[in-house]
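Residue numbers (full-length UniProt numbering), protein chains in the order written: chain P, 1 to 260; chain H, 1 to 260.
Below is one structure, written out as structure tokens; comments come after it.
2 protein chains.
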Amino acid sequence: MAGSRLTPSRPCRKMVAPIPSPFPSRSDPLPMDVTEKAQTAARGRRIRRENVERILKAAELVFAEAGCAGATMADIADKAGLPKANLHYYFGTKEDLYRAVLDNILRLWLDPLAGLDASADPATALTAYIRAKMDASRLRPNASKVFANEILHGASQIGEFLAEDLRRLVDRKAAVIEQWISEGRMAPVDPRQFFFMIWSMTQHYADFEVQVRTVLGRKKLTRDDFAHFTAEVVRMVLRAGGLAPPDDPVSCTGGVPGES
Amino acid sequence: MAGSRLTPSRPCRKMVAPIPSPFPSRSDPLPMDVTEKAQTAARGRRIRRENVERILKAAELVFAEAGCAGATMADIADKAGLPKANLHYYFGTKEDLYRAVLDNILRLWLDPLAGLDASADPATALTAYIRAKMDASRLRPNASKVFANEILHGASQIGEFLAEDLRRLVDRKAAVIEQWISEGRMAPVDPRQFFFMIWSMTQHYADFEVQVRTVLGRKKLTRDDFAHFTAEVVRMVLRAGGLAPPDDPVSCTGGVPGES
DNA sequence: CCAAATCTTGACCATTTGATCAGATTAAAT
DNA sequence: ATTTAATCTGATCAAATGGTCAAGATTTGG
Numbered sequence: 001m002a003g004s005r006l007t008p009s010r011p012c013r014k015m016v017a018p019i020p021s022p023f024p025s026r027s028d029p030l031p032m033d034v035t036e037k038a039q040t041a042a043r044g045r046r047i048r049r050e051n052v053e054r055i056l057k058a059a060e061l062v063f064a065e066a067g068c069a070g071a072t073m074a075d076i077a078d079k080a081g082l083p084k085a086n087l088h089y090y091f092g093t094k095e096d097l098y099r100a101v102l103d104n105i106l107r108l109w110l111d112p113l114a115g116l117d118a119s120a121d122p123a124t125a126l127t128a129y130i131r132a133k134m135d136a137s138r139l140r141p142n143a144s145k146v147f148a149n150e151i152l153h154g155a156s157q158i159g160e161f162l163a164e165d166l167r168r169l170v171d172r173k174a175a176v177i178e179q180w181i182s183e184g185r186m187a188p189v190d191p192r193q194f195f196f197m198i199w200s201m202t203q204h205y206a207d208f209e210v211q212v213r214t215v216l217g218r219k220k221l222t223r224d225d226f227a228h229f230t231a232e233v234v235r236m237v238l239r240a241g242g243l244a245p246p247d248d249p250v251s252c253t254g255g256v257p258g259e260s
Numbered sequence: 001m002a003g004s005r006l007t008p009s010r011p012c013r014k015m016v017a018p019i020p021s022p023f024p025s026r027s028d029p030l031p032m033d034v035t036e037k038a039q040t041a042a043r044g045r046r047i048r049r050e051n052v053e054r055i056l057k058a059a060e061l062v063f064a065e066a067g068c069a070g071a072t073m074a075d076i077a078d079k080a081g082l083p084k085a086n087l088h089y090y091f092g093t094k095e096d097l098y099r100a101v102l103d104n105i106l107r108l109w110l111d112p113l114a115g116l117d118a119s120a121d122p123a124t125a126l127t128a129y130i131r132a133k134m135d136a137s138r139l140r141p142n143a144s145k146v147f148a149n150e151i152l153h154g155a156s157q158i159g160e161f162l163a164e165d166l167r168r169l170v171d172r173k174a175a176v177i178e179q180w181i182s183e184g185r186m187a188p189v190d191p192r193q194f195f196f197m198i199w200s201m202t203q204h205y206a207d208f209e210v211q212v213r214t215v216l217g218r219k220k221l222t223r224d225d226f227a228h229f230t231a232e233v234v235r236m237v238l239r240a241g242g243l244a245p246p247d248d249p250v251s252c253t254g255g256v257p258g259e260s
């Protein structure tokens, strides 16, 4: 279990906490005994699986709304419909729970980009990528917010993820962009800045949703609103990359598991 | 003074707190007596002015690093080099201090966009705007982070600012873009989405600095790094708006007061 | 130089909140 | 059925933290 007895370690306040491993770790259900048969059990035990799921869902919501420090175990417990002591039973500490929520999100984070293939048509591939990201912003805004919050406050929990997994993936995909450029199929751009552009623009619609909504004078953003945003983002990004819009064989919108 | 005796009001946790007025309010130094001669005094009293400045600076840093809920008065006091009780003397509550920090930032927020003039050359005007925003991200990253954090968690403190001041300004400047479009000087884009693009891209370099730095493998982002980012952002945004790069009479970088 | 106003600050609360635990309850295994 | 493992949970605690206060120090105004 993580340090918590002797060193309170100030859960989320200053975040000098230990940085977790990059990916393969499964950090949520540890109290079974000490993490040992957590793997086998995580699949088997029905009750455990259901409760873990419920807690993670509630936690993502609360962490998104209040940040790591602002979230309270009591609030999460309420939203999950379980007594507070139960959260500590499944997840040792608040920080452990926070990390578990982050873990889920990280997994989700790399997927869309991983699909970018050099052999595809640039405009088509990028359009699909942007759509996937916009879908994620629409369907999993809380995941995006938790991630944004973590980065915003120093990424002390996911430093290794950024430096290892994400960095590697970006290196690989930057090569794809560079290849397209060298083949004359795209305007010359710094591939990494190009990715930053796509990330910031698409995530903006989740992280800054309140601002978007308010400036637009909307009460609530609808599916149609998002369709418009998506089309507009695609247009602008493609032009930024010196690309004509793809033939658009069919306006498939991809899709992400989703929560709301 | 704000409610704190009977209704703890949970400062930053859930943010159901009262929304401040849009702009003309000066919410920082109220303990003098009850805000009355705050205005005249704020200018006069030397000690007060210096301490208020010191506290605000430290507060912006801590709020940026830890968020509103994660920040502690003790930490801010340390960074400001003053005893904690002193903060409560100048600013009533933590929430008041947070609002004062936000107030400063909001003022800073509208300025660059306000300069966008319809009579100017689109490419030149937008380039200047983007540079101003990138300078702000480089020189006042903490301001950007505090703002981002506030939006991310529901903007309960600046709802009125968004709905009134910012909305109005955006409406006015969207008209400028639309005019340029109708004059055939820009590609047709949704002006508001275009602004979102500029905001998200430029603020990304402050709010997500850790990610940018880590993915790029840098230890620290230099002035040159930012110059490169800026050039790249300008290029991409202009292309997105169907604009050729401006003649660039002189590569003036504008400038923002700055803190670091 | 005196008095009023302003500022300073260590000591001190009250509340919040993460975390623990032991006994009760339920599910799984034999 | 009986034992073992897993789960539940109310009560409780200790630390962290926002906020208060009153006495003292300093500055300002006349």
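Ideal placement from N, C-alpha and C gives every residue a C-beta, glycine not left out.
Residue nearest to residue i in terms of C-alpha spacing, selected from the options
| i | options | result |
| --- | --- | --- |
| H/K219 | P/S119, P/P141, P/G159 and P/C12 | P/G159 |
| H/D96 | H/R223, H/R172 and H/Q157 | H/Q157 |
| H/A128 | H/A71, H/I198, H/P141 and H/V215 | H/I198 |
| P/C12 | P/V189, P/A187, P/I151 and P/I47 | P/I151 |
| H/M134 | H/A123, H/A74 and H/E232 | H/E232 |
| H/L113 | H/P122, H/V170 and H/D207 | H/V170 |
| P/E60 | P/H204, P/A80, P/I47 and P/R49 | P/A80 |
| H/F229 | H/D190, H/P245 and H/R138 | H/R138 |
| H/A227 | H/A136, H/A58, H/Y89 and H/G92 | H/A136 |
| P/G241 | P/D78, P/K145, P/N104 and P/P122 | P/P122 |
| P/A66 | P/Q179, P/A143, P/R54 and P/I177 | P/A143 |
| P/R49 | P/F161, P/L87 and P/A244 | P/L87 |
| H/T93 | H/I177, H/T72, H/A118 and H/A244 | H/T72 |
| P/L108 | P/T222, P/F161 and P/Y205 | P/F161 |
| H/N149 | H/R99, H/D190, H/T214 and H/A77 | H/R99 |
| P/V234 | H/V189, H/I177 and H/D225 | H/V189 |
| P/P141 | P/E209, P/D103 and P/T214 | P/E209 |
| H/I177 | H/A64, H/F91 and H/L126 | H/L126 |
| H/A64 | P/A64, P/D103, P/F91 and P/H153 | P/H153 |
Inter-residue Cα distance where the pair is residue i and residue j
| i | j | result |
| --- | --- | --- |
| H/M236 | H/A163 | 29 Å |
| H/D111 | P/R45 | 58 Å |
| P/A120 | H/R131 | 35 Å |
| H/F23 | H/V62 | In this prediction, H/F23 has a pLDDT of 42, which is less than 50 and means its spatial position is unreliable; nothing more can be read from the coordinates. |
| P/T124 | P/E53 | 36 Å |
| P/F195 | P/P83 | 43 Å |
| H/Y89 | H/N51 | 11 Å |
| H/L116 | H/T222 | 28 Å |
| P/L216 | H/A58 | 34 Å |
| P/P246 | P/D78 | 48 Å |
| H/S200 | P/D225 | 18 Å |
| P/A38 | H/Y205 | The pLDDT assigned to P/A38 is 40, lower than 50, so where the model puts this residue is not dependable, and the model offers no usable value. |
| P/R168 | H/F91 | 47 Å |
| P/R172 | P/D103 | 22 Å |
| P/R213 | H/I47 | 42 Å |
Beta-carbon proximity of residue i to residue j, cut-off 8 Å
| i | j | result |
| --- | --- | --- |
| H/R192 | H/A175 | no |
| P/V101 | P/L56 | yes |
| P/Q211 | H/A155 | yes |
| H/G184 | P/A69 | no |
| H/R239 | P/A187 | yes |
CB-CB length for residue i against residue j, believed under 8 Å
| i | j | result |
| --- | --- | --- |
| residue 261 of chain H | H/D75 | With chain H covering 1 to 260 only, the question about residue 261 of chain H has no answer from this structure. |
| H/F147 | H/I105 | 5 Å |
| H/Q179 | H/A118 | 5 Å |
Looking at chain P, which residues of the stretch 133-160 of chain H have a Cβ within less than 8 Å of any of its Cβ atoms?
-> K145, A148, N149, I151, L152, H153, G154, A155 and G159
Using a beta-carbon distance cut-off of less than 8 Å, what residues from the stretch 158-187 of chain H approach chain P?
-> G159, L162, A163, L166, R167, V170 and A187
Using a Cβ-Cβ cut-off of less than 8 Å, give me the residues of the stretch 210-225 of chain H that come near chain P, in sequence order.
-> V210, Q211, V212, T214, V215, L216 and G217
Check distances from the C-beta atoms of the stretch 191-212 of chain P to those of chain H and list, in chain order, the residues that come in under 9 Å.
-> R192, Q193, F194, F195, F196, M197, W199, S200, M201, T202, Q203, H204, Y205, D207, F208, E209, V210, Q211 and V212
May I ask you to list, following chain order, the residues of the UniProt domain "HTH tetR-type" (49-109) of chain P that have a beta carbon less than 9 Å from some beta carbon of chain H?
-> A64, E65, A66, G67, C68, A69, G70, A71, T72 and D75
Output, in sequence order along the chain, the residues in the stretch 227-241 of chain P whose CB is closer than 8 Å to any CB in chain H.
-> H228, F229, E232, V233, R235, M236, V237, R239, A240 and G241
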